[in-house]
Ligand code: NIG
Ligand code: FE
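In our numbering, the protein residues as written are 23 to 444.
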């Protein structure tokens, strides 16, 4: 049995509050405890309070971690990533720097399809090895849970290979993975001009195998011109729902594709991207309380100026989430800290709103709002000591890794300098 206390937190940013996603003004309420402290027993938080309150519980068998007057937050929950793939697309990054667009590169056979070619050639072991490197990046940037999509296999066996790699990464690294099946990422080359046959393969073979092996909690579809139409997306998502999977949708990213309306119609947990979402798309999301997942790093990295209209979404009462969209093409960014910076500078979310969106709201969007996303008694002790005095500095001192120490389930997984004081 282990028992320890964390003391001397300049701000303990608890995000304590009602047991549901935060909307409207609630997004600005972080429930900060100045000179905060926490008591951790085994892998869970037992008590949270200011130093005087917690000191009463510090007995002889209790280790004490001195946070050194730093800011402590829940681990970030990154609710949209594609963290398993072979190779990189640094060449496409260079092409974009020379004026090509993300869509032009995809039309010329690059983009998602080029990662599919490489991922099909890779073994499960190779995907796990590459994934472990990225897991370290996430942890070092203060992320303790990621949603993780398949979608670079696009055959029955290659999609299962990706999902098994995600399962192994969940078991073999300290990072927690929430698996999502994204067989409908693009129509693979061998089905060119015959997308309905590929949709048949997803519905009749891939989804039943994924469900039988219990390899995914969610099903996602890239609903976009050049990927899957609204009708095709509906067919896939309905089949997934019948098998007990929860739904997410890549919606209204490059064009107003109708993805938001579909997400609302089917009761999806999230609609993601939404750069092109207009007032009526936002209204649709609101009618079914679909959580918008905003991905500013992919806007930055494809060199676009058009960020999602976060303010309109918050004003409409939506429980906004921000995530990195980590992937080898549109967003080679594993840092939630950069997502926070862009949320404030480009989408005009206050630092507090962005932190709520990156923790508690993200946790709810993954069905884990009662387990992670805030620092409250009973929750898993996933927390990060950041080397700053004030939570606003996380996004403000941009481009830095702030974490000094990262804990998952009460275990130190990214040690910084030694902080144990007794
Ligand atoms: O979320 N939009 C579709 N999928 C990814 C891009 C993946 C890639 O470029 O490899 C996204 O941006
Ligand atoms: Fe994505």
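We treat Cβ as the ideally placed atom computed from N, Cα and C, and that holds for glycine.
Nearer than 7 Å: is that true of the beta carbon of residue 141 relative to any heavy atom of the ligand NIG?
no
Taking only the alpha-carbon atoms, compute the straight-line gap between residue 159 and residue 227 and give it to the nearest angstrom.
34 Å
With DSSP run on the structure shown, which of helix, strand or coil describes residue 306?
helix
Which runs of the beta strand (DSSP E), 3 residues or longer, sit entirely within the region 35-79?
54-63, 66-72
Considering Cα atoms alone, identify which of 190, 363, 337 is closest to residue 305.
337
For residue 163, three-class secondary structure by DSSP
coil
Close beta carbons around residue 440, own chain, < 6 Å, minus the five adjacent residues each side:
Because the pLDDT of residue 440 is 48, which lies under 50, any placement of that residue in the model is unreliable, and the number read from its coordinates should be weighed accordingly. Taken in chain order, the list of residues that qualify is empty.
If the criterion is Cβ atoms closer than 8 Å, does the pair residue 73 and residue 29 meet it?
yes
Closest by C-alpha distance to residue 430, when choosing among 197, 247, 238
197
I think residue 382 touches residue 167, with their Cβ atoms under 8 Å apart; what is that distance to the nearest whole Å?
In fact, because the Cβ distance is near 12 Å, the residues do not count as touching under 8 Å.
Distance, Cα to Cα, residue 125 vs residue 235?
35 Å
Check the C-beta distance from residue 347 over to residue 102 and give it rounded, since I have them as a contact under 8 Å.
5 Å
Residue 369 and residue 316 closer than 8 Å at C-beta
yes
Are three or more beta carbon pairs between the region 350-357 and the region 65-79 nearer than 8 Å?
no
Option nearest residue 51 by Cα separation, candidates 292, 134, 86, 37
37
Whole angstroms are fine: how far does the CA of residue 66 sit from the CA of residue 444?
The pLDDT assigned to residue 444 is 45, lower than 50, so where the model puts this residue is not dependable; a value taken from the coordinates is nonetheless given after this. Rounded to the nearest angstrom, the two C-alpha atoms are 21 Å apart.
So the beta strand (DSSP E) residue 387 belongs to, where does it begin and stop?
Looking at the DSSP string, residue 387 is not in any beta strand (DSSP E); the run it does join, the alpha helix (DSSP H), is 382-387.
In its own chain, which residues sit with a C-beta less than 8 Å from the C-beta of residue 434, not counting the 5 before and 5 after it?
427, 428
Distance check for residue 161 and residue 200, CA to CA, integer angstroms please.
15 Å
Would you tell me roughly how many angstroms separate the C-alpha atoms of residue 116 and residue 326, rounded to the nearest one?
15 Å
Cβ shell of residue 387 (< 7 Å), same chain only, five flanking positions each side left out
101, 291, 292, 313, 315, 343
Which word fits residue 335, buried or exposed, when buried means at least 16 other C-beta atoms lie within 10 angstroms of its C-beta?
buried
May I ask you to report which of helix, strand or coil DSSP gives residue 444?
Legend: pLDDT at residue 444 = 45, less than 50; position of this residue unreliable, value from coordinates given subsequently. Note: residue 444 maps to coil in three-state DSSP.
For residue 371, collect the residues of the same chain with a Cβ closer than 6 Å to its Cβ; drop the 5 residues on either side in sequence, then sort them by chain order.
332, 365
Please report the Cβ distance between residue 164 and residue 58, rounded to the nearest whole angstrom; I am assuming they are in contact, meaning their Cβ atoms lie under 8 Å.
Residue 164 to residue 58, Cβ: 17 Å. No contact.
Given residue 94 as reference, the closest of 187, 35, 221, 310 once Cα atoms are compared
35
What does the Cβ neighbour count give for residue 133, buried or exposed, with the cut at 16 atoms within 10 Å?
buried
So within the region 86-170, which uninterrupted alpha helix (DSSP H) runs reach at least 4 residues, ignoring any that extend past its ends?
112-119, 124-129, 134-143, 146-162
Who are the Cβ neighbours of residue 49 in its own chain at under 6 Å, not counting the five residues just before and after it?
375, 378
How long is the line joining the alpha carbons of residue 425 and residue 408, rounded to whole angstroms?
4 Å
Going along the chain, which residues of its own chain have a beta-carbon closer than 6 Å to the beta-carbon of residue 109, five neighbours each way excluded?
140
Exposure label - residue 363; buried when at least 16 CB within 10 Å:
buried
Sub-8 Å separation of residue 176 and residue 230 beta-carbons
no
Tell me whether residue 344 sits in a helix, a strand or coil according to DSSP, three-state version.
strand
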